[in-house]
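Numbered per mature numbering (1 follows the signal peptide of the UniProt record, and there is no 0), the sequence shown spans residues -20 to -1, 1 to 473. Here is the structure we will look at, set down as structure tokens.
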Amino acid sequence: MHLAPFIPAALLVAFPFAHAGVINARQAPAPVQNFTTIKSPSGATIRYKEPGKHGVCETTPGVNSYNPLTLWLNGGPGSDSLIGAFEEIGPCYVDEHLKTQKRAVSWSNSSNLLFLSQPVGTGFSYSSTKVGYLDPTYLDVSPAEAGEATGRYSIIDPTKLDTSKLAAVACWELLQGFYGALSQFDKQVASTDFSLWAESFGGHWGPAFASYFYEQNQKLTSTSPGRKLNFKSFGIGLKLINDTIYDHGKFNMYRDGGCQQAQDYCAYLTKDSIVKSSGCAAAQYICQNDVEDLYYTFGGNRGVYDIRACNGKDVPPAQWRDYLNQASVQQAIGTDLNYTSSNLIYTAFSLSGDFAVGYIDDLQELLGYDIQISLVYGDADYICNWQGGEDISTSAKAAFKDAGYTKLVVNGKEYGETRQYGKFSFTRVWESGHEVPYFQPEAAFAIFNRSQHGLDVATGKVSILENPSYSTKGTPNTVHSRQLPPLSCPASS
Ligand SMILES: *[C@@H]1O[C@H](CO)[C@@H](O)[C@H](O)[C@H]1NC(C)=O
Ligand SMILES: *[C@@H]1O[C@H](CO)[C@@H](O)[C@H](O)[C@H]1NC(C)=O
Ligand SMILES: *[C@@H]1O[C@H](CO)[C@@H](O)[C@H](O)[C@H]1NC(C)=O
Ligand SMILES: *[C@@H]1O[C@H](CO)[C@@H](O)[C@H](O)[C@H]1NC(C)=O
Ligand SMILES: *[C@@H]1O[C@H](CO)[C@@H](O)[C@H](O)[C@H]1NC(C)=O
């Protein structure tokens, strides 16, 4: 059985069916028919359908009995994890004719996958809904006027869950409900092995969630579901444009009252309060404007997710968003919501200051636990660039710095460079934009599968469990370099 990719949509429907009796307005999706309802011992209600039975993302025979469960989180925040399902690691993608096709390399080959739409309001998740017109500027829903497209959308309370720590608590509750009901869903899934892989803002979700889950695990008496974790993070300092701009960015970074000082002040504010929110939101604003934005201004309109492509062409195709907005698909996957990819949650996280809050302490804490941690960066990604990731990796653990870079090899082919000490690794994947599994599927799957099996990332041949002080040998820095090809991008409108 696949848990991928639609269980999360069903999962977050663990609330009263709020719109029963509402007249089905034109263009708003019809009520869901023929779903199954189960209740977990803790009282969570789970409604679900099995989309594969309705021709959506047909599951492959034989993938039914894997034990481990992997939770995948995209980030933005407010960016939905179905990005990962359809663009990166899920069992199918949507082609230009809006048909689902089997993905050649899917992570479902070695794990059950749970794609969670969170914080609530993201993707198909909701606590209450409203029919109307979704205003593209204010992202609120108002009664549709003539000519305006109608849909059903989640009513978002943006300040309810506006930090990674709060999101972690909600996610833990949800997983408990899910695990509690799992045996009713499929007796064969005896999942206690648990992995968390996150991307992008996952640099915050990853450490914040994993450390919270770990602490909660300790409070449970049953077996611990904590195992492996991978996350990416936000970094700055890409020497990308030219030395003038780089030096300018560096000056802004370290000048009096600049980005670094603002971040230090945010880090100094430990008590959750409006003072902290305001200080950290200011740090995000200063750093983005003074340092990160130089690329947008002087980068010749290259993409932020893939510097090899123009802005707008730097992300994988996204037909799946239109696919999900069809009545037949909504019915098959068990939702009566229209699919949205942007929402107020990003804004709420900006105002809460969560972007500037550092999660290195949580990472440090995780390194002390029995968890395999793999950091993975595409080397053509600006927004989460590998230099920033490397800085995070070397700040985390002393012995790690002494390990050298070695080649990441999969089926005889070199895909990147890895530094690893014990359970902790950092990999720079070559020729990859932001969504590494999309650009380099074999390499990304190998990193995932090796980490999951407790093997070294670079070769998959050394058991880390048997060699806890395993250390890669090689160069102190990554050596791969490649000239960025010239590219003429149209100015953005
Ligand atoms: C919402 O979904 C329905 C299908 O149920 C579709 O006809 C409608 O166009 C969608 N609305 C928007 C705004 O995308
Ligand atoms: C629900 O089940 C009934 C009875 O089997 C069937 O007639 C109906 O078409 C189903 N509805 C959907 C949307 O699948
Ligand atoms: C799973 O991986 C194995 C080994 O690489 C491969 O032979 C098989 O075709 C894959 N199965 C699916 C469903 O992708
Ligand atoms: C770097 O790029 C900026 C913006 O295009 C330009 O003004 C400056 O002269 C360039 N500096 C060098 C050393 O090429
Ligand atoms: C995942 O790794 C395990 C352990 O090395 C291996 O047995 C299995 O074939 C791998 N799965 C795939 C699909 O390659």
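All C-beta atoms in this analysis are idealised placements derived from N, C-alpha and C, irrespective of residue type, glycine included. Please read these numbers as outputs of a predicted model, since none were measured by experiment.
Buried or exposed for residue i, please, with buried defined as at least 16 other CB atoms from any protein chain shown within 10 angstroms of its CB.
i: Thr398; result: buried
i: Tyr194; result: buried
i: His460; result: exposed
i: Arg83; result: buried
i: Ile135; result: exposed
i: Ser375; result: exposed
i: Arg408; result: buried
i: Leu141; result: buried
i: Asp316; result: buried
i: Thr80; result: buried
i: Val337; result: buried
i: Ser191; result: buried
i: Phe214; result: Here Phe214 scores only 32 on pLDDT, less than 50, and its place in the model should not be relied on; the value that follows carries that caveat. Buried, since its Cβ has 16 or more Cβ neighbours within 10 Å.
i: Gly35; result: exposed
i: Tyr388; result: Tyr is not the amino acid found at residue 388; the sequence shown has Leu there. Looking at its Cβ environment, which holds 16 or more other Cβ atoms inside 10 Å, Leu388 is buried.
i: residue 482; result: Nothing about residue 482 can be read from this structure; the chain reaches only from -20 to 473.
i: Asn291; result: buried
i: Lys219; result: Only weak support exists for where Lys219 lies, its pLDDT of 48 falling under 50; the coordinates are left without a value.
i: Lys453; result: exposed
i: Val100; result: buried
i: Asn210; result: With a pLDDT of 40 at Asn210, under the threshold of 50, the modelled position of that residue is not reliable, and the figure given next carries that caveat. Asn210 comes out buried.
i: Lys208; result: The pLDDT assigned to Lys208 is 33, lower than 50, so where the model puts this residue is not dependable, and the model offers no usable value.
i: Ala(-12); result: For Ala(-12), the predicted structure reports a pLDDT of 29, less than 50, and the residue's modelled location is therefore unreliable. A value from the coordinates is still provided. Burial call: buried.
i: Glu125; result: exposed
Cα-Cα, which of the options is closest to residue i?
i: Tyr395; options: Phe425, Gln367, Gly369; result: Phe425
i: Ser405; options: Lys293, Pro417, Trp366, Gln156; result: Trp366
i: Ala24; options: Asp371, Tyr234, Ser431, Glu153; result: Glu153
i: Gly182; options: Lys441, Phe335, Asp359; result: Phe335
i: Ala298; options: Ser321, Gln310, Cys290; result: Ser321
i: Leu304; options: Thr50, Leu49, Val74, Lys33; result: Val74
i: Ala423; options: Ser443, Lys403, Lys393, Ile313; result: Lys393
i: Ile427; options: Asp371, Asp361, Lys256, Gln352; result: Gln352
i: Arg282; options: Ala471, Ser91, Lys381; result: Ala471
i: Lys293; options: Ser468, Thr327, Tyr159; result: Ser468
State the CB to CB distance for the pair residue i and residue j, rounded to an integer number of angstroms; the pair is presumed to be in contact (CB under 8 Å).
i: Ala161; j: Ile63; result: With 8 Å as the limit, Ala161 and Ile63 do not qualify as a contact, their Cβ atoms being about 26 Å apart.
i: Leu78; j: Trp185; result: Incorrect: roughly 30 Å between the Cβ atoms, too far for contact.
i: Gln400; j: Tyr450; result: 7 Å
i: Asp270; j: Cys239; result: 6 Å
i: Pro71; j: Gln432; result: Not a contact, Cβ separation roughly 17 Å.
Return the bridge partner residues of residue i from the DSSP annotation.
i: Phe174; result: Leu49
i: Cys290; result: Arg282
i: Val111; result: Arg132
i: Phe406; result: Leu355, Arg399
i: Thr16; result: Tyr28
i: Thr386; result: Thr398
i: Asn92; result: Leu49
Determine, using beta carbons only, whether residue i comes closer than 8 Å to chain C.
i: Met233; result: Any reference to chain C falls outside this structure, which holds one protein chain only.
Is the CB-CB distance between residue i and residue j below 8 Å?
i: Gly58; j: Asn323; result: yes
i: Pro187; j: Leu343; result: yes
i: Gly103; j: Asp137; result: no
i: Cys151; j: Phe189; result: yes
i: Ala147; j: Gln196; result: no
i: Thr130; j: Tyr113; result: yes
i: Pro417; j: Ile26; result: no
i: Gln264; j: Ser330; result: yes
i: Thr50; j: Trp177; result: yes
i: His414; j: Asp286; result: yes
i: Pro9; j: Ala307; result: yes
i: Val295; j: Ser354; result: no
i: Ser22; j: Gln156; result: yes
When you measure from the CB of residue i to every non-hydrogen atom of ligand 6, does any distance come out below 7 Å?
i: Gln306; result: This structure lacks ligand 6; the ligands present are ligand 1, ligand 2, ligand 3, ligand 4 and ligand 5.
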